[in-house]
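Step one of this worksheet: look at the structure below.
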Amino acid sequence: MDTNLFDQGEIDIAWCPGCGNFAILNALKQALSELEIRPENLVVVSGIGQAAKAPHYYKCNFFNGLHGRSLPVATAIKAANPGLIVIDESGDGCMYGEGGNHFIHAIRRNPDITNIVHNNMVYGLTKGQASPTSLQGFKTLVQREGVFHEPFNPLALAISLGASFVARAFAGDVAQTKEMIKQAISHKGYALLDIFQPCVTYNKLNTYAWFKTKTYYLDSSHDPHDRFEALRRAWEEEKLPLGIFYLHPRPTFEEHLTAYQESEEPLYKRTPDLKNLSQWIDSKRGF
Amino acid sequence: MKDNWVFKRHEDVSIVLCGEAGQGIQTVEHILMQTLKLSGYHVFSSEEYMSRIRGGSNSTLVSVSSKRISAPVDRIDFLIPFSPGAIRHVQKRISPGTVLLGEKNIYEKEYRGGRAIDIPLSQIASEVGGPIYSNTIAIAMLAGLFKVNRDILDQYLRHHFSGKEEAIVQKNLEAARRGYGVSEELLQNGKIQIDLKRNQDIKNEILMDGVEALAMGAVAGGCNFLSFYPMSPSTAVAVLLAERSKEFGIIVEQAEDEISAMNMVIGAWYAGARGLASTSGGGFALMVEGLSLAGMIESPLVVHIGQRPGPATGLPTRTEQGDLLFALCSGHGEFPRIILAPGMIEDCFYLTQKAFNLADQYQVPVFILTDQYLLESHYNIPSLDPVRFPLQKHVVETKQGYKRYQLTGTGLSPRGIPGFGKGLVVLDSDEHDEEGHITEDLDMRTTMVHKRLKKLDLLMKDAIIPDLIGPEDYEILIIGWGSTYHIIKEALERLGRQDTAFLHFKQVYPLHPNTVDYLQKAKKKMIVENNGTGQFARLIRMQTGFDMDQKILKYNGLPFSVEELEVQLKSVVD
């Protein structure tokens, strides 16, 4: 196992010193190495935002597309070539704001992809506006009286929609985050891993210390197959649980596609069956 | 109404079926078209209908001819009304020559200006077994007037009702017998005399609409991924490919919205699939962000826009050529593209097939602009050749150190895909370097802009030359694009002028450089477009500097008819 397999060497990283993204990057590289994934077999899809820059910083195929649109892209890549390992990695604004509709329907669709969301409860790249997950009362240059909106609860939503894997980690704990990334990638089906991540520049409320005192790990008494228990945990507010909330194994989108019923070949290897096409054309001559 | 008239035709007959949504007019059209074609007639049909599932008034034109026919006429020879509202709906098209074949209680109140023969369809139907059989009686009556062999109709009915129990099949056959009886009476008393030449070769021709040809063309072009959100009139393409998904190994996914559909299609191309985004103007509006992404990452892409009248929801089930400039200018930023506009059913097949090769070769978005009229018109054509444009795959196996945007001088970089080869395929919607990594090096920016825009030179060289129909030494040039091809052609044939030619464009952007030569030669240039502003005229001026002398435009939601275009052309060329 080569832990340097994913290193990009000396590169210019655009994140602020102390950013939680660094910890997630390290955890992810370790997880990928431990899972013995080859960079050429890995595709990372991201949107736009500070978190979405992540795939530039480790070795992989990547598709750094549009803000909010990573999930449809990731879904299609996995569908077009199910042999690839597909990770969708972006931030809370990208996934839960601009991409909200895609988030809902990706969960329903259940492609076998891993959805890692860097959740720092603020917009970093656009300099500090509220994000869908910002807590009520959080003040910004725009939300001057403090955030009024009810915060978006991605875990509760995902559990409600029957997501096949729902978990939350905290970037301050690289070892546990790495373990959860490994489990999310190994899981067959759509896996949501929301990762609490402090923004040292624009979020002075949800700091490393705040997350540390505010979170705890679910223990073995939690049954992740119990949807209502998982929901109850997802709505806990006094203390925020970390760990695997919910598991709901079910067939994946790719398994269900009729295009793979007759052949397992990825789409790029296929050519159209011209004999069948000629028959289709001929069927228009009469009956 | 005086009864001493005789209806005679020996070239073509135009039948209009009119009634409410849900009355089965499409079935009548379908069976009639098939059996007439199998009897050796050329056939053409075109539908106009309201955006509703039941009620209202819809009409279908079925033209039967001894010559090839591929354009709609206003003239009604036989009017078959299925509901009282039908008469009012087609009132403007009723002429003294029109013969209404139908029930008195349906037409007596409002029918004026034409002839009528009372056919007690309901009564015959109830004798057969119920009102449901009146459609089959009408089909057989019309087929009988054209002396369609009884066996052909019976066989077709058996085929059509093959899922039903034998008793129902038998009743339909009985209904057909009764319908033939009606036609025999009409022919025997000499009131109706139809003498169209038949050609047995037509039997073996194919009969289809634009949608089917487009879907087949997609398969021929190697399309194996389609994502869409339902929207008339484009949905039918997805429905057909979904039906064939297993057979041809095509992934068809109904997305949550067109934004997702477009991003899925681009993602599929990235992974090596050949993806199609099929939509209409409003849906394409949502796809525009993704289109710009394809421009930046140099993704191949095929977009089908089945145009309908806008703005906004517009007239959902009608036709227009209103989205040409939208397609041309869509997407923020600057990037090259190709816009194809099929003029006929054959084009729906071949241009769609070609679109996938072009997209793959040049790594640009390729548009196929159709419209409701073209998609939903049926007529017979000799055949389609699935290998006319053999599949050309341009994906390369990557090596270590692969650079997705390697500078080559032509603007084209070898396109690798993840999982095929040792290299990594990296791309970014931000400006990027040769590897695909985000960059703010402004010299690199300039280099990359040049690289992307340079491809336009290649696209122009490879553009499809417009078709010239008519005399080479023309003085007057009529210009059209896309679905108006056959309508303009037939109107011009009727006009019969030796100084007038027709230049049809099936590629509307970029224009082939020869376009200028055609325009230069003309003393007078006129454009015919199914929109309100003459969008192609503006495009031509933008690309060539030439202005049109006259524009003939129609934008009420219907295609031009041959007669109205003939009249309008006559008034401007004289």
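Chains as they are written, first to last, in our numbering: chain A, 9 to 295; chain B, 14 to 587.
Idealized CB from N, CA, C, for every residue including glycine.
Given the structure is predicted, the values throughout are model-derived calculations rather than measurements.
At a C-beta separation below 8 Å, VAL81 of chain A has these neighbours in chain B: ASN276, MET277, ILE279, GLY280, TYR283. When DSSP reads this structure, GLY319 of chain B sits in a beta bridge with B:THR383. Cβ contact annotation for GLN581 of chain B (same chain, cutoff 6 Å, sequence separation greater than five): ILE565, in chain order. When the five nearest sequence neighbours on each side are left out, the beta carbons in the same chain lying within less than 6 Å of the beta carbon of PHE518 of chain B are those of PRO479, TRP494, in order along the chain. Burial check for ASP90 of chain B: the Cβ neighbour count within 10 Å reaches 16 or more, so the residue is buried. HIS499 of chain B counts as buried, since at least 16 other C-beta atoms from the protein chains shown sit within 10 angstroms of its C-beta. A Cβ of chain B is located within less than 9 Å of the beta carbon of GLY294 of chain A. DSSP places PRO162 of chain A inside the alpha helix (DSSP H), whose first and last residues are 162-168.
DSSP, reduced to helix, strand and coil, places ILE130 of chain B within a strand of the structure shown.
Counting C-beta pairs with one atom in each stretch, the segment 60-80 of chain A and the segment 303-314 of chain B have three or more that are closer than 8 Å, which means they touch. In this structure, THR248 of chain B sits away from HIS317 of chain B, with a CB-CB distance that is not shorter than 9 Å.
Judged by pairs of C-beta atoms under 8 Å, the segment 454-472 of chain B does not touch the segment 504-514 of chain B, as fewer than three such pairs exist. Within the same chain, Cβ atoms closer than 7 Å to the Cβ of ALA62 of chain A are found at ASN29, LEU33, SER54, GLU97, the five residues on either side in sequence being excluded. Excluding five sequence positions before and after ILE137 of chain B, the CB atoms of its chain that fall closer than 6 Å to its own CB belong to ILE150, ARG191, given in chain order. In terms of beta-carbon proximity, ALA88 of chain A lines the interface with chain B, with at least one pair separated by less than 9 Å.
With respect to the 9 Å criterion, PRO119 of chain A and GLY197 of chain A are classified as neighbours on the basis of their beta carbons. For the pair LEU169 of chain A and GLU262 of chain A, the Cα-to-Cα distance works out to about 19 Å. In chain order, TYR276 make up the part of chain A whose C-beta sits under 8 Å from the C-beta of PHE433 of chain B. Residues of the segment 354-380 of chain B with a C-beta atom less than 9 Å from some C-beta of chain A are PHE362, listed in chain order. Within 7 Å of the CB of SER271 of chain A, the CB atoms of chain B belong to GLY262, in sequence order along the chain. When the five nearest sequence neighbours on each side are left out, the beta carbons in the same chain lying within less than 6 Å of the beta carbon of GLN151 of chain A are those of ALA138, in order along the chain.
Within the segment 286-335 of chain B, the beta strand (DSSP E) runs of at least 3 residues that lie entirely inside it are, in chain order, 288-292, 314-320. Contacts between ASN284 of chain A and chain B, judged by CB atoms closer than 7 Å, involve GLU260, PHE261 in chain order.
When Cβ-Cβ separations below 9 Å define contact, VAL56 of chain B makes no contact with chain A. Burial is judged here by how many other beta carbons sit within 10 angstroms of a residue's own beta carbon; PRO395 of chain B has fewer than 16 and is exposed. The DSSP-derived three-state label of GLN206 of chain B is strand. Around the Cβ of GLN205 of chain A, a 10 Å sphere holds 16 or more other Cβ atoms; the residue is buried.
Note that the C-beta distance between PRO140 of chain A and PHE156 of chain A is not below 9 Å. Linking PHE339 of chain B to ILE310 of chain B through their CA atoms gives a straight-line distance of about 21 Å. Counting C-beta pairs closer than 8 Å gives fewer than three between the segment 465-475 of chain B and the segment 433-450 of chain B, which falls short of the contact rule. Looking at the DSSP output, ASN393 of chain B shares a beta bridge with B:LEU220.
Among the bridge pairs identified by DSSP, MET63 of chain B is matched with none. LYS416 of chain B is outside the set of residues whose beta carbon lies under 9 Å from a beta carbon in chain A.
Contact annotation for LEU254 of chain B against chain A: no contact, minimum CB-CB distance about 11 Å [criterion: below 9 Å].
Considering only beta carbons, the part of the segment 89-100 of chain A lying closer than 8 Å to chain B consists of ASN89, GLY91, LEU92, in chain order.
Taking the beta carbon of VAL51 of chain A as reference, the chain B residues within 9 Å of it are TYR283, ALA284, PRO431, GLY432, VAL438, listed in sequence order.
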